[in-house]
Amino acid sequence: MKIKLELFGASRDFSKKDHLEFNLKEKSSIKDLRNEILNFIENNFKSNENYKKLVQSSAFCSEENNIVGDDYKITKEQNIGIIPPIGGG
Amino acid sequence: MLHAKVIDATKEKINLTNAQKFIASSKCGASIYFVGTVRDQNNDKKVTGMTYDSHDALVIKSFEEIYKEAETKFKFNNIAVFIEHIKGYVELGETSIIIAVSCKHRSQAYDFSRHIIEEIKKRTPIWKKEHYEGEDSKWLKGNPLIDQNQLK
Numbered sequence: 003m004k005i006k007l008e009l010f011g012a013s014r015d016f017s018k019k020d021h022l023e024f025n026l027k028e029k030s031s032i033k034d035l036r037n038e039i040l041n042f043i044e045n046n047f048k049s050n051e052n053y054k055k056l057v058q059s060s061a062f063c064s065e066e067n068n069i070v071g072d073d074y075k076i077t078k079e080q081n082i083g084i085i086p087p088i089g090g091g
Numbered sequence: 014m015l016h017a018k019v020i021d022a023t024k025e026k027i028n029l030t031n032a033q034k035f036i037a038s039s040k041c042g043a044s045i046y047f048v049g050t051v052r053d054q055n056n057d058k059k060v061t062g063m064t065y066d067s068h069d070a071l072v073i074k075s076f077e078e079i080y081k082e083a084e085t086k087f088k089f090n091n092i093a094v095f096i097e098h099i100k101g102y103v104e105l106g107e108t109s110i111i112i113a114v115s116c117k118h119r120s121q122a123y124d125f126s127r128h129i130i131e132e133i134k135k136r137t138p139i140w141k142k143e144h145y146e147g148e149d150s151k152w153l154k155g156n157p158l159i160d161q162n163q164l165k
């Protein structure tokens, strides 16, 4: 199933577009998505350690605008936001 | 009573007058305005401007949650709160956030306002990219919204 990953904050440096697209197996979880993003970093940014740390320290946001962790099951094609460490105000 | 909005810097600016109008009430004897602006230095580097990024829906949800939690915590009556945060590029000295609070008494207004800005700093999905002289720029480090122990 296709997942459109919406980029925010420092993760915007992962692409010139405002999102990335991943094909995940059915019954995947956020943990699987996180691993796919890490593979993408590995392949496209020569294992950039800062980018990897960013992915590892990010939360995710479901289409229902809830912050979700690694156990969250992705049951349908949807937009998911990556939420790097925040620092506004 | 809460007003919460993300302001797109390409379309409008944060306006103090809007906040004054929203929180005005004869039931309140104290008003506090917290205004965050872009400053010209950080970590010994000369800053020329700031880009704010925002997950708009989550930001509004976060502002509403923080307000409701503060209402429960402090149990003050007749409170009005106006929160706006900018997104996009902001020049030095320009406003990035305003939190206006009116309450019956000054101590209440100070407590409520302080609580809101501290919680926003901890948990509202807004990101800052500093711009420096020489066209260099950098996303600032922030607070993770997940428990890192979960991932080990």
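Protein chains in written order, with the working numbering: chain A, 3 to 91; chain B, 14 to 165. For every residue, glycine included, the Cβ atom is placed at its ideal position computed from N, Cα and C. It should be emphasised that the depicted structure is a prediction, and the values quoted were computed from it without experimental measurement.
Inter-residue CB distance, residue i and residue j (contact presumed, cutoff 8 Å)
i, j, result
"residue 17 of chain B", "residue 76 of chain B", "4 Å"
"residue 140 of chain B", "residue 10 of chain A", "6 Å"
"residue 38 of chain B", "residue 113 of chain B", "Actually they are not in contact, since the Cβ atoms of residue 38 of chain B and residue 113 of chain B sit about 12 Å apart, beyond 8 Å."
"residue 29 of chain B", "residue 111 of chain B", "7 Å"
"residue 24 of chain A", "residue 7 of chain A", "6 Å"
"residue 13 of chain A", "residue 56 of chain A", "6 Å"
"residue 93 of chain B", "residue 35 of chain B", "6 Å"
"residue 5 of chain A", "residue 80 of chain A", "7 Å"
"residue 153 of chain B", "residue 89 of chain A", "5 Å"
"residue 42 of chain A", "residue 26 of chain A", "The pair is not a contact, with the Cβ atoms about 12 Å apart (cut-off 8 Å)."
"residue 40 of chain B", "residue 91 of chain B", "4 Å"
"residue 89 of chain B", "residue 32 of chain B", "With 8 Å as the limit, residue 89 of chain B and residue 32 of chain B do not qualify as a contact, their Cβ atoms being about 18 Å apart."
"residue 56 of chain B", "residue 87 of chain A", "Rounded, the Cβ-Cβ distance is 17 Å, inconsistent with contact."
DSSP three-state assignment for residue i, whether helix, strand or coil
i, result
"residue 59 of chain B", "strand"
"residue 29 of chain B", "helix"
"residue 4 of chain A", "strand"
"residue 53 of chain B", "coil"
"residue 35 of chain A", "helix"
"residue 92 of chain B", "coil"
"residue 85 of chain B", "helix"
"residue 43 of chain B", "strand"
"residue 79 of chain B", "helix"
"residue 99 of chain B", "strand"
"residue 17 of chain B", "strand"
"residue 71 of chain B", "helix"
"residue 30 of chain A", "strand"
"residue 88 of chain A", "strand"
"residue 160 of chain B", "coil"
"residue 10 of chain A", "coil"
"residue 20 of chain A", "coil"
Any C-beta of chain E under 8 Å from that of residue i
i, result
"residue 17 of chain B", "No chain E is present in this structure, whose protein chains are A and B."
- Task: Pair every Cβ in the segment 94 to 110 of chain B with every Cβ in the segment 52 to 70 of chain B, then say whether three or more of these pairs are closer than 8 Å.
- Result: Contact holds: three or more Cβ-Cβ distances are below 8 Å.
Mind pulling the beta strand (DSSP E) runs of 3 or more residues that sit fully within the segment 37 to 85 of chain A? Taken in chain order, the whole beta strand (DSSP E) runs of length 3 or more contained in the segment 37 to 85 of chain A are 61 to 63 and 80 to 85.
**Q.** Proximal residues, the segment 104 to 128 of chain B versus chain A, C-beta separation under 7 Å
**A.** 110
Which residues, in order along the segment 35 to 52 of chain A, keep a beta-carbon less than 9 Å from a beta-carbon of chain B?
Contacts with chain B (Cβ-Cβ distance below 9 Å) from the segment 35 to 52 of chain A involve 36, listed in chain order.
- Query: Do the segment 49 to 57 of chain B and the segment 103 to 116 of chain B make contact, defined as three or more Cβ pairs closer than 8 Å?
  - Reply: yes
**Asked** Does the pairing of the segment 27 to 45 of chain A with the segment 64 to 84 of chain A give three or more beta-carbon distances under 8 Å?
**Response** yes
* Asked: Any residues in the segment 149 to 160 of chain B with a beta carbon nearer than 7 Å to a beta carbon of chain A? Which ones, in chain order?
  -> 152, 153, 154, 155, 156, 157, 158 and 159
Give the list of continuous alpha helix (DSSP H) stretches no shorter than 4 residues that lie fully inside the segment 102 to 150 of chain B.
119 to 136
Along the segment 73 to 93 of chain B, what residues have a CB closer than 8 Å to any CB found in chain A? 74
**Prompt:** Of all the residues that make up the segment 32 to 58 of chain B, which are near chain A by a beta-carbon distance shorter than 9 Å?
**Reply:** Listed in chain order, the positions of the segment 32 to 58 of chain B with a beta carbon within less than 9 Å of a beta carbon of chain A are 49.
Item to check | Residues from the segment 57 to 83 of chain A in contact with chain B, defined by Cβ distance under 7 Å | outcome: 58, 59, 61, 63, 67, 69, 71, 72 and 83
Checklist entry - Taking any Cβ of chain B, which residues in the segment 12 to 25 of chain A have a Cβ under 8 Å from it, in chain order? => result 12, 14 and 15
Just by C-beta distance, which residues in the segment 136 to 150 of chain B are closer than 9 Å to chain A?
Those residues of the segment 136 to 150 of chain B placed with their C-beta closer than 9 Å to a C-beta in chain A are 136, 137, 138, 139, 140, 141 and 142, ordered along the chain.
task: State whether the segment 140 to 149 of chain B contacts the segment 78 to 91 of chain B, with contact taken as three or more CB pairs (one from each stretch) at a distance under 8 Å.
output: no
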